[in-house]
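Q: Sharing a structure, written as C-alpha cells. Questions coming.
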Amino acid sequence: MMQIKRLTRPLILVILVYFASGHMSYAQTLTITIGEYPPYSGVQLVEQGLVPQIIRKAFAQQGIKVKFVFMPWARSFKESEKVRYDASAYWYCTTERQRDYLCSTALYEETAVFFYNKNNPIPPWQSLEELDKYRIGATRGYSYTQEFWQLASTGLLNISIMTRDEQNLSMLIKGRIDLFPMGLLPANYLLEQEYPNDKHVLSYHSTPLMTGTLHLLFPRTKPTSEKLLKIFNDGMQKIIHSGEYQTILNGTKTK
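Just add 266 to the spot in the sequence shown (first one is 1) and you have this note's numbering.
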C-alpha cells in the first residue's frame, strides 16, 4: 500500500501543475445564448446561420465544441449572466456592456437604415429629431443607438416595440408604422423569404441610423472568460487568414 502511494503522488503533482499552467482542455461543450436574426442566425438556417458557423469554426481551431441556445434577444442577453452559459452572441460592444462583459474581436460589421412604405414616402432625414411626427417600429432587445432610446424615453420619438423583426416589417407593409430601422442584409433576406409578394412596396433611406461591429460577449464574473476570449480571438484570426471567414459570410441559404 505504501508503495502505491509513493508512485501515484508524483503523477498527481504533474496533473495539478499541468492544469495550473493554463493547458486546460475544454473537453465540454460551450453553451452560448443567441437570438434569431436571419441570415446571421436562426434555428431553421443551415448550421443555424452565418454567425454560429463563424463562432464554431473559430473555437474548433482549439478543438472546442459549441452549443447555441436560441431565445428572444432581450432574454438571451439576460440569461447570459447565468452560470450555465459561457457567452452570448452577438452584440454591439457598448461602454455600458463593457462593464460586465469582455468583447471579442468583431464578428461582422452592420449598417442599420430606416425602411419605409413607398405608399407613404418619408422625406430624407438628417437628425432623429426630424422623425418626431412618425410612428417608428423597434424590436425588443436591440441596441440601435443611445440617442434613439433617449429620444424614445422622453417621448420625442413615437416608438412601438415588438418582439420580432417580422412583426415590424409586416406592420410597415400594412401601413401601421411609418419607419423601421434594420440591417440591410437581414431586412432584404427576410423580405425575400417571408414577403416575396410585398417586398416591392418598401424602400429605405441611405442615411444610416448606425454602423457598428457585432461581438461575442463573455461575462466578466466567470473565471474562464478571459481564457475563452483569447482562444476565440486567436481562432478568428486563423479563419480570417485562411479565407474560411469570408466563405461563411457569402452563404445565405436555408434548409
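All residues carry an ideal CB built from backbone N, CA and C; glycine is no exception.
#1: Once you ignore the five residues that flank Glu510 on each side, which residues in its own chain have a CB closer than 6 Å to its CB?
#2: Quick one: which unbroken alpha helix (DSSP H) runs of 4-plus residues sit fully inside the region 365-449? Chain order, please.
#3: Which of the three DSSP states, helix, strand or coil, is assigned to Leu296?
#4: Starting from the C-beta of Glu460, find all residues in its chain whose C-beta is less than 7 Å away, skip the five residues before and the five after it, and write them out in chain order.
#5: Given a cut-off of 8 Å on the beta-carbon distance, is the pair Ala404 and Ile427 in contact?
#6: When burial is assigned at 16 or more other CB atoms within 10 Å of the CB, is Gly421 buried or exposed?
#7: Residues bridged to Ala353 by DSSP?
#8: How many angstroms separate the CA atom of Asp352 from the CA atom of Asn454?
#9: With DSSP run on the structure shown, which of helix, strand or coil describes Ile505?
#10: Following the continuous beta strand (DSSP E) through Val467, name the residue where it begins and the one where it ends.
#11: Where Thr490 and Ile443 are concerned, what is the direct C-alpha to C-alpha distance, given to the nearest angstrom?
#12: Excluding five sequence neighbours on each side, which residues of the same chain lie with their C-beta closer than 6 Å to the C-beta of Gln319?
#13: Quick one: which unbroken alpha helix (DSSP H) runs of 4-plus residues sit fully inside the region 297-346? Chain order, please.
A: In short:
#1: Here residue 510 refers to the residue found at position 244 of the sequence shown. Lys323.
#2: 412-419, 431-439
#3: In the sequence shown, counting from the first residue as 1, residue 296 sits at position 30. Three-state DSSP puts Leu296 in a strand.
#4: For the purposes of this step, residue 460 is identified with residue 194 of the sequence shown, where counting begins at 1. Within the same chain, Glu460 has close Cβ partners Glu432.
#5: Translated into the one-based positions of the sequence shown, residue 404 becomes position 138. Translated into the one-based positions of the sequence shown, residue 427 becomes position 161. Their beta carbons are under 8 Å apart, which means Ala404 touches Ile427 by this criterion.
#6: As a position in the sequence shown, residue 421 is number 155, starting the count at 1. Gly421 should be labelled exposed.
#7: Within the sequence shown, the letter at position 87 stands for residue 353. DSSP lists Ile298 as the beta-bridge partner residues of Ala353.
#8: In the sequence shown, residue 352 corresponds to position 86, counting from 1. In the sequence shown, residue 454 corresponds to position 188, counting from 1. The alpha-carbon atoms of Asp352 and Asn454 are separated by roughly 32 Å.
#9: Residue 505 sits at position 239 when you count from the first residue of the sequence shown. Residue state, collapsed to three classes: helix.
#10: Stepping through the sequence shown from its first residue, residue 467 is reached at position 201. That residue, Val467, is in no beta strand (DSSP E); it is neither H nor E in DSSP.
#11: Working through the sequence shown from its first residue, we reach residue 490 at position 224. Working through the sequence shown from its first residue, we reach residue 443 at position 177. Their Cα atoms are separated by approximately 44 Å.
#12: Along the sequence shown, one-based indexing puts residue 319 at 53. Only Glu313, Ile514 meet the Cβ criterion.
#13: 316-326, 339-345
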